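Worksheet: the structure to be examined is printed underneath.
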Amino acid sequence: MIVTFDKFPQSLNKQLDPLYFLVGNELLLLEESVDLIVAEAETRGFAEIEHVEIAQPDEWYSLLADASGRSLFAEKRLFDVRLTKNVFTTKVQAALEEWIQDANGETIMILRGWSWDYRSRNAAWFKTISALATTVIIDIVPTAKLSHWIKDRAQALGLKLSEDAIRELADLTDGNLYAAQQELEKLRLIFLNEDKVVGIEELTRINWSISGAFDLVDAACNGNVDKLSTMLAAVRREGTQPLFLVGALGSQLRKYHDLACGRRTYLSSNRRRVGERVIKRIGRTGLERLLVECAHLDCQQKGILQGDSWLALESILLNLAGYQNRTLETDATRLRVDYEN
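Just so we're on the same page, my numbering is the position in the sequence shown counted from 1, plus 1175.
Following this line, the structure appears as structure tokens:
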């Protein structure tokens, strides 16, 4: 069954399914979809969450065997599974179908898809998986609708923004929903007890974290290592969280990857030129490696991988700038699974 992101909460309220497949290139909305499933599962007694990454088809079988067994820690379990690429071979599809048939209501599996190509909807593997799993397709919010999205999110947080402030926030975040959401959260905290309309003047005074984050990513994309090092130190002192920077970085990398693949993507003329330089420097394969690194860094931020997130972020940015640096790929092969009770 295929559902859209906006209809997904109503679907969850009706029932919890054993298998979910979440696809799309809006990382914030994908994370929120996972959070919705986890929250609903917790109310129904799912006390254990296991985080897994699948990079090869043969890794499925140990996961499905584990998911079919019983846990020493909890009766009901939820598996949060990251897929780094298409690993749905014919044998894997058959194994998943068999697992679904034997599902007893005590295990839920969430599959997070890799970089999404809308043309995949016509692929045979997608038709099979979407028939087995509740499949949530998370579409990119078009540039023309970003202001409306920001306005709705602001209202949900109890914020009143002027039309000028909404447009300014849309321009500053350049389609990055993570960045927009973080700034709205910051505004909510600042104007928590003030019944006022937040205008462009107030927004301008506190917008350094947005512009700083995007300038940092631009410095890496342009190969400007000196500026990159200076700005990374400044953004770190300012208190910006690495996860926010990963959101800004991942958003741009996905757009440049779409550009490299010849897909339609929403980019200003200036960012399109920057993207073409990045593609010339590291190629489509390099972009794919960095997108995987962003997923690894996200795991590190959440405690699945150990290490210093700032050092890992610096390494990713230096690789983007054209300087070979250490990656998290080796660490990711030794994933440490945490249990939440």
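Yeah, the Cβ is synthetic: ideal placement off N, Cα and C, and Gly gets one too. Only a predicted model underlies this, so the values are computations on that prediction, with no experimental measurement involved.
Check whether the stretch 1420-1438 touches the stretch 1207-1216, counting contact only when three or more Cβ pairs, one atom from each stretch, lie closer than 8 Å. no
Please report the distance separating the alpha-carbon of Ala1216 from that of Asp1277. On the sequence shown, position 41 is the one that residue 1216 refers to. On the sequence shown, position 102 is the one that residue 1277 refers to. Ala1216 and Asp1277: Cα-Cα distance of roughly 19 Å.
In or out: Ala1408 buried (at least 16 other Cβ within 10 Å) or exposed? Counting from one through the sequence shown, the residue named residue 1408 turns up at place 233. Burial call: exposed.
Pick helix, strand or coil for Asp1255, following the three-state DSSP scheme. As a first step, residue 1255 must be located in the sequence shown, where it is residue number 80. Here Asp1255 sits in strand by DSSP.
Between the beta-carbon of Leu1202 and the beta-carbon of Gly1422, is there less than 8 Å? Within the sequence shown, the letter at position 27 stands for residue 1202. Within the sequence shown, the letter at position 247 stands for residue 1422. In this structure, Gly1422 lies closer than 8 Å to Leu1202 by Cβ.
Identity of the residue in Ala1214, Val1372, Pro1317, Leu1334 nearest Gly1173 by Cα: One cannot answer for residue 1173 here, as it falls past the ends of the chain, which runs 1176 to 1516.
Where does the unbroken alpha helix (DSSP H) through Leu1486 begin, and where does it stop? Along the sequence shown, one-based indexing puts residue 1486 at 311. Segment 1484-1495, the alpha helix (DSSP H) holding Leu1486.
Hey, quick one: how far does the beta strand (DSSP E) through Thr1440 stretch, first residue to last? Looking up residue 1440 in the sequence shown gives position 265. Neither: Thr1440 is in no beta strand (DSSP E) and is coded neither H nor E.
Can you check the stretch 1288-1338 for any beta strand (DSSP E) of at least 3 residues that lies completely inside it and give the ranges in chain order? 1309-1313
Could you give the C-beta distance for Asn1494 and Leu1466, rounded to a whole number, given that I count them as a contact under 8 Å? In the sequence shown, the residue the question calls residue 1494 occupies position 319. In the sequence shown, the residue the question calls residue 1466 occupies position 291. The pair is not a contact, with the Cβ atoms about 12 Å apart (cut-off 8 Å).
Under 8 Å: do the stretch 1314-1332 and the stretch 1260-1273 share three or more Cβ pairs, one atom per stretch? no
Please report the distance separating the alpha-carbon of Glu1228 from that of Leu1194. Here residue 1228 is taken as the residue at index 53 of the sequence shown, counted from 1. Here residue 1194 is taken as the residue at index 19 of the sequence shown, counted from 1. So the alpha carbons of these two residues sit roughly 16 Å apart.
At the level of alpha carbons, what is the spacing between Arg1296 and Lys1302? Along the sequence shown, read from residue 1 onward, the residue named residue 1296 stands at position 121. Along the sequence shown, read from residue 1 onward, the residue named residue 1302 stands at position 127. Cα to Cα, Arg1296 sits roughly 7 Å from Lys1302.
Rounded straight-line distance, which links the Cα of Leu1344 to that of Ile1491: Walking along the sequence shown from the start, residue 1491 turns up at place 316. Walking along the sequence shown from the start, residue 1344 turns up at place 169. Each residue's alpha carbon lies about 26 Å from the other.
Keeping to the same chain, check which residues put their C-beta closer than 7 Å to that of Leu1378; ignore five residues upstream and five downstream. As a working note, residue 1378 is residue 203 in the sequence shown. So the qualifying residues of the chain are Ala1340, Glu1343, Leu1344.
Find the nearest neighbour of Ala1496 within the set Pro1417, Leu1352, Asp1401, judged by alpha-carbon distance. Taking the first residue of the sequence shown as position 1, residue 1496 is located at position 321. When only C-alpha atoms are compared, the closest one is Asp1401.
Buried or exposed: which applies to Arg1452, given that a residue is buried once 16 or more other Cβ atoms fall within 10 Å of its Cβ? By one-based count along the sequence shown, residue 1452 stands at place 277. Result: exposed.
Under DSSP, the beta strand (DSSP E) around Phe1196 begins and ends at which residues? In the sequence shown, the residue the question calls residue 1196 occupies position 21. Here the beta strand (DSSP E) through Phe1196 covers 1194-1199.
How is Thr1218 classed by DSSP in three states: helix, strand or coil? Position 43 of the sequence shown, counting from 1, holds the residue named residue 1218. Reduced to three states, the DSSP call for Thr1218 is helix.
Report the option in Ile1224, Glu1360, Asp1292, Ile1315 whose CA atom is closest to the CA atom of Ile1285. Sequence index remark: in the sequence shown, residue 1285 carries index 110 (1-based). For the residues Ile1224, Glu1360, Asp1292, Ile1315, the minimum Cα distance to Ile1285 belongs to Ile1224.
Under three-state DSSP, which class holds Ile1229? Position 54 of the sequence shown, counted from the first residue, corresponds to residue 1229. Ile1229: strand per DSSP, three-state reduction.
Residues of its chain near Ser1426, where Cβ-Cβ distance is below 6 Å and the 5 sequence neighbours each way are ignored: Walking along the sequence shown from the start, residue 1426 turns up at place 251. Around Ser1426: Asn1351.
Secondary structure of Leu1286, DSSP reduced to three states: Reading the sequence shown from its first residue, position 111 is the one you call residue 1286. It is a strand residue.
Endpoints, the alpha helix (DSSP H) within which Ile1365 is located: Working through the sequence shown from its first residue, we reach residue 1365 at position 190. That run of the alpha helix (DSSP H) goes 1352-1365.
Same chain, Cβ closer than 7 Å to Arg1456, five either side skipped, listed in chain order: Translated into the one-based positions of the sequence shown, residue 1456 becomes position 281. Result list for Arg1456: Gly1398, Gly1497, in chain order.
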